[in-house]
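Numbering (our numbering), first residue to last: 2 to 120. Remarks on the structure that follows.
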């Protein structure tokens, strides 16, 4: 589990590097039916920022922990990028898409940690 927590930490650093906002970590480890151990969710205000956050996350995790995502999806339109690190899945949204899908509330019974925005 410790490795997953390190990945989550580096993902958050990568998000903050590109000024991603409204970061939420959803700890699913106590739920039996969860698809992974952690979701990390954040948002960027434009296609360019969403793409830059995705690139930053990939670079941070690769450079610090030597781990690549198993898969990434959504770079083409960059309204919602999903990154699969196995037990950790990242969702980078534009605000209106995040509001529409409202992933946080699908897992309300999980432990949810909100990270303060970096100025």
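Where is the CB? At the ideal position from N, CA and C, for every residue including glycine.
Task: Residues of its chain near residue 74, where Cβ-Cβ distance is below 6 Å and the 5 sequence neighbours each way are ignored - done: Here residue 74 refers to the residue found at position 73 of the chain shown. Cβ contact annotation for residue 74 (same chain, cutoff 6 Å, sequence separation greater than five): 83, in chain order.
- [ ] Using 10 angstroms around the beta-carbon of residue 17, count the other beta-carbons present and answer buried if the total reaches 16, otherwise exposed.
- [x] As a first step, residue 17 must be located in the chain shown, where it is residue number 16. By the 16-neighbour rule on beta-carbons within 10 angstroms, residue 17 is buried.
Open item on the list: If I measure Cβ to Cβ from residue 48 and keep anything under 8 Å in the same chain, skipping five residues before and after, which residues do I get?
Closed with: The residue given as residue 48 occupies position 47 in the chain shown. If you ignore the 5 residues before and after residue 48, its C-beta comes within less than 8 Å of the C-beta of 78, 79, 80, 95, all in its own chain and listed in chain order.
Task: Pair within 8 Å by beta-carbon distance, residue 116 and residue 54 - done: Along the chain shown, read from residue 1 onward, the residue named residue 116 stands at position 115. Along the chain shown, read from residue 1 onward, the residue named residue 54 stands at position 53. Result no, Cβ atoms of residue 116 and residue 54 do not sit closer than 8 Å.
- [ ] Tell me residue 39's beta-bridge partners as DSSP assigns them.
- [x] Taking the chain shown and counting its residues from 1, one reaches residue 39 at position 38. Paired residue(s): 28, 89.
Task: Pair within 8 Å by beta-carbon distance, residue 9 and residue 51 - done: By one-based count along the chain shown, residue 9 stands at place 8. By one-based count along the chain shown, residue 51 stands at place 50. With contacts defined as CB atoms closer than 8 Å, residue 9 and residue 51 fail to qualify as a contacting pair.
Open item on the list: Buried or exposed, going by whether 16 or more other CB atoms sit within 10 Å of the CB of residue 59?
Closed with: Counting from one through the chain shown, the residue named residue 59 turns up at place 58. With at least 16 other beta carbons inside 10 angstroms of its own, residue 59 counts as buried.
Task: Rounded C-alpha distance that separates residue 120 from residue 34 - done: For the purposes of this step, residue 120 is taken as the residue at position 119 of the chain shown. For the purposes of this step, residue 34 is taken as the residue at position 33 of the chain shown. Rounded to whole angstroms, residue 120 to residue 34 spans 36 Å at the Cα level.
Open item on the list: Given this structure, state the Cα-to-Cα distance separating residue 111 from residue 39, to the nearest angstrom.
Closed with: Reading the chain shown from its first residue, position 110 is the one you call residue 111. Reading the chain shown from its first residue, position 38 is the one you call residue 39. Cα-Cα distance, rounded: 10 Å.
- [ ] Rank 15, 20, 46, 56 by C-alpha distance to the C-alpha of residue 97 and give the top, closest one.
- [x] Here residue 97 corresponds to residue number 96 of the chain shown, with the count starting at 1. That would be 46, whose Cα lies nearest to the Cα of residue 97.
TODO: Put residue 111 into one of helix, strand or coil per three-state DSSP.
DONE: Residue mapping note: residue 111 aligns to position 110 of the chain shown, counting from 1. In this structure, DSSP gives residue 111 a state outside helix and strand, which the three-state scheme calls coil.
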